[in-house]
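Asks: Throughout, this note's numbering is defined as the position within the sequence shown, counted from one, plus 1328.
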Amino acid sequence: MLPEAGPRESGAIPPPRRSRSRLGIGGQGTKAILIAAASTVVFFTVLTILVVNAPGWAQVQRAFFDGRVFVESIPRIVRGFWTNVQLFLVAEVLVLVWGLALAVMRSVPGPAFFPIRLLATAYVDLFRALPGLLVIFMLGFGFTGLRIEGVPTDRFFWAVVALTLLYSAYVSEVYRAGIESIHPSQEAAARSLGLSRFQSLRYVVVPQAVRRVIPPLLNDFIGLQKDTVLVSFIGVVEVFRATQIEQQARFNFTPLLVTALIFVAVTLPLARFVDYLIAREQRRRAAGRLR
């Protein structure tokens, strides 16, 4: 990474920011924490009283909070969730690669590369505009219905392709924002050292851009993990389809609670990890400005 001129050279050093927790409590010490805890307890106590005293609570409890159904549904639903994990892991790798390729294609300057920029822009606009479920239906049922020799008919394969096409469009915009956030002096300095335009992009601009966009990329992948349930509509037996099977077999909605808790257990640690990365990046940038 090539050095940039910082605020110290211009004589402007930003004042230190007041520490603030990720939950928004602030840096006011024990008093603020006690007030936040007390208001939280009061809020959830009132909410619980209102719910359990509602006229239809008994019916809702039997339909959604049956302990026996909850325990018996866990094994099948967890096995279905393993399919979601496989979908997510394969699609994530493909999205990272294809999204970066699209971002680079849209960032290549010069009139000679206009057709490449045009095609990449059209791709991104198209798949950001189309509903995800529509793309999954068209690929899962359309291409398999053509019965072209050599074209895979496995629904899992087309589920991965659909998720990759959809999310690479969003991820490419994240990458492109990171590339455009790099100061032009970085590329100019690289060119002055004898690097070509593509070499400066590869060795100087893209590595810095990727490091800057890791938190928003993780946010997109949280969405990707949740959207893997959409492939159930083309017949892939993943966690949502397994939940539907359990719910219809038992005439009870408690399996939906099992699925919800699984996604919460997976998503919350990722969300907190994103917060940690954002806070670390902010501290790193603040330290760089003070140097």
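Here a beta-carbon is modelled for each residue, glycine too, at the ideal position from N, C-alpha and C.
Taking the beta carbon of residue 1383 as the centre, do at least 16 other beta carbons fall within 10 Å, making it buried, or is it exposed?
Replies: The residue given as residue 1383 occupies position 55 in the sequence shown. Residue 1383 should be labelled exposed.
Asks: Restricting to Cα atoms, I'd like to know which of 1583, 1561, 1592 and 1503 is closest to residue 1466.
Replies: Position 138 of the sequence shown, counted from the start, is the residue given in the question as residue 1466. Answer by Cα proximity: 1561.
Asks: Among 1441, 1551 and 1490, which one has its Cα closest to the Cα of residue 1461?
Replies: Reading the sequence shown from its first residue, position 133 is the one you call residue 1461. For residue 1461, the nearest C-alpha among the options comes from 1490.
Asks: By the DSSP assignment, the alpha helix (DSSP H) with residue 1577 in it spans what residues?
Replies: Counting from one through the sequence shown, the residue named residue 1577 turns up at place 249. First-last of the alpha helix (DSSP H) with residue 1577: 1567-1578.
Asks: Counting pairs of beta carbons, one from the region 1594-1610 and one from the region 1539-1553, are three or more of them closer than 8 Å?
Replies: Segments in contact, yes.
Asks: Touching or not, the region 1432-1445 and the region 1493-1509, by the rule of three or more beta carbon pairs under 8 Å?
Replies: Touching, yes.
Asks: Take every Cβ of the region 1572-1586, pair it with every Cβ of the region 1520-1530, and state whether three or more of those distances are shorter than 8 Å.
Replies: Output reads no: the region 1520-1530 does not touch the region 1572-1586.
Asks: Taking 7 Å as the threshold (C-beta atoms), are residue 1396 and residue 1570 in contact?
Replies: Taking the sequence shown and counting its residues from 1, the one referred to as residue 1570 is at position 242. Taking the sequence shown and counting its residues from 1, the one referred to as residue 1396 is at position 68. No, Cβ-Cβ distance for residue 1570 and residue 1396 is not below 7 Å.
Asks: Residue 1519 to residue 1563, Cα distance in whole Å?
Replies: Counting from one through the sequence shown, the residue named residue 1519 turns up at place 191. Counting from one through the sequence shown, the residue named residue 1563 turns up at place 235. Roughly 52 Å between the two C-alpha positions.
Asks: Residue ranges of each alpha helix (DSSP H) run of no fewer than 4 residues wholly in the region 1502-1529, ordered along the chain?
Replies: Segments of the alpha helix (DSSP H) lying fully in the region 1502-1529: 1512-1520 and 1525-1528.
Asks: Could I get the ranges of all uninterrupted beta strand (DSSP E) runs contained in the region 1353-1435, with 3 residues as the minimum, in chain order?
Replies: Those beta strand (DSSP E) runs which fall completely within the region 1353-1435 and span 3+ residues do not exist here.
Asks: Go to residue 1562, then tell me how far its alpha helix (DSSP H) extends in each direction, as first and last residue.
Replies: Counting from 1 along the sequence shown, the entry for residue 1562 is found at position 234. No alpha helix (DSSP H) holds residue 1562; DSSP gives it neither H nor E.
Asks: Given a cut-off of 7 Å, decide if residue 1548 and residue 1499 are closer than it, judged by their beta-carbon atoms.
Replies: In the sequence shown, the residue the question calls residue 1499 occupies position 171. In the sequence shown, the residue the question calls residue 1548 occupies position 220. Contact: yes.
Asks: Apart from the five residues on each side of it in sequence, which residues of its chain come closer than 6 Å, Cβ to Cβ, to residue 1495?
Replies: Here residue 1495 corresponds to residue number 167 of the sequence shown, with the count starting at 1. Excluding positions up to five away in sequence, the list reads 1423 and 1552.
Asks: Assuming residue 1372 contacts residue 1585 under a Cβ cut-off of 8 Å, what Cβ separation, rounded to an integer in Å, is found between them?
Replies: Counting from one through the sequence shown, the residue named residue 1372 turns up at place 44. Counting from one through the sequence shown, the residue named residue 1585 turns up at place 257. Contact doesn't hold; Cβ gap of about 18 Å is too wide.
Asks: With burial defined as no fewer than 16 other Cβ atoms inside 10 Å of the residue's Cβ, what is the status of residue 1537: buried or exposed?
Replies: Here residue 1537 corresponds to residue number 209 of the sequence shown, with the count starting at 1. Label assigned to residue 1537: buried.
Asks: To the nearest angstrom, report how far apart residue 1473 and residue 1459 are at their CA atoms.
Replies: If you number the sequence shown from 1, residue 1473 lands on position 145. If you number the sequence shown from 1, residue 1459 lands on position 131. Near 21 Å, if we compare the C-alpha coordinates of residue 1459 and residue 1473.
Asks: How many angstroms separate the CA atom of residue 1557 from the CA atom of residue 1604?
Replies: Along the sequence shown, read from residue 1 onward, the residue named residue 1557 stands at position 229. Along the sequence shown, read from residue 1 onward, the residue named residue 1604 stands at position 276. Cα-Cα distance, rounded: 27 Å.
Asks: Could you tell me the distance, in whole angstroms, from the CA atom of residue 1611 to the CA atom of residue 1618?
Replies: For the purposes of this step, residue 1611 is taken as the residue at position 283 of the sequence shown. For the purposes of this step, residue 1618 is taken as the residue at position 290 of the sequence shown. Approximately 11 Å between the Cα atoms of the pair.
Asks: Candidates 1587, 1486 and 1441: which alpha carbon is nearest residue 1419's?
Replies: Here the question's residue 1419 lines up with position 91 in the sequence shown. The option with the nearest alpha carbon to residue 1419 is 1486.
Asks: Which residues mark the beginning and the end of the alpha helix (DSSP H) in which residue 1451 is found?
Replies: What you label residue 1451 is simply residue 123 of the sequence shown in a count that begins at 1. First-last of the alpha helix (DSSP H) with residue 1451: 1442-1457.
Asks: Taking the alpha carbon of residue 1599 as the reference point, which residue from 1545, 1565 and 1615 has its own alpha carbon closest?
Replies: As a first step, residue 1599 is located in the sequence shown; it is residue number 271 there, counting from the start. That would be 1545, whose Cα lies nearest to the Cα of residue 1599.
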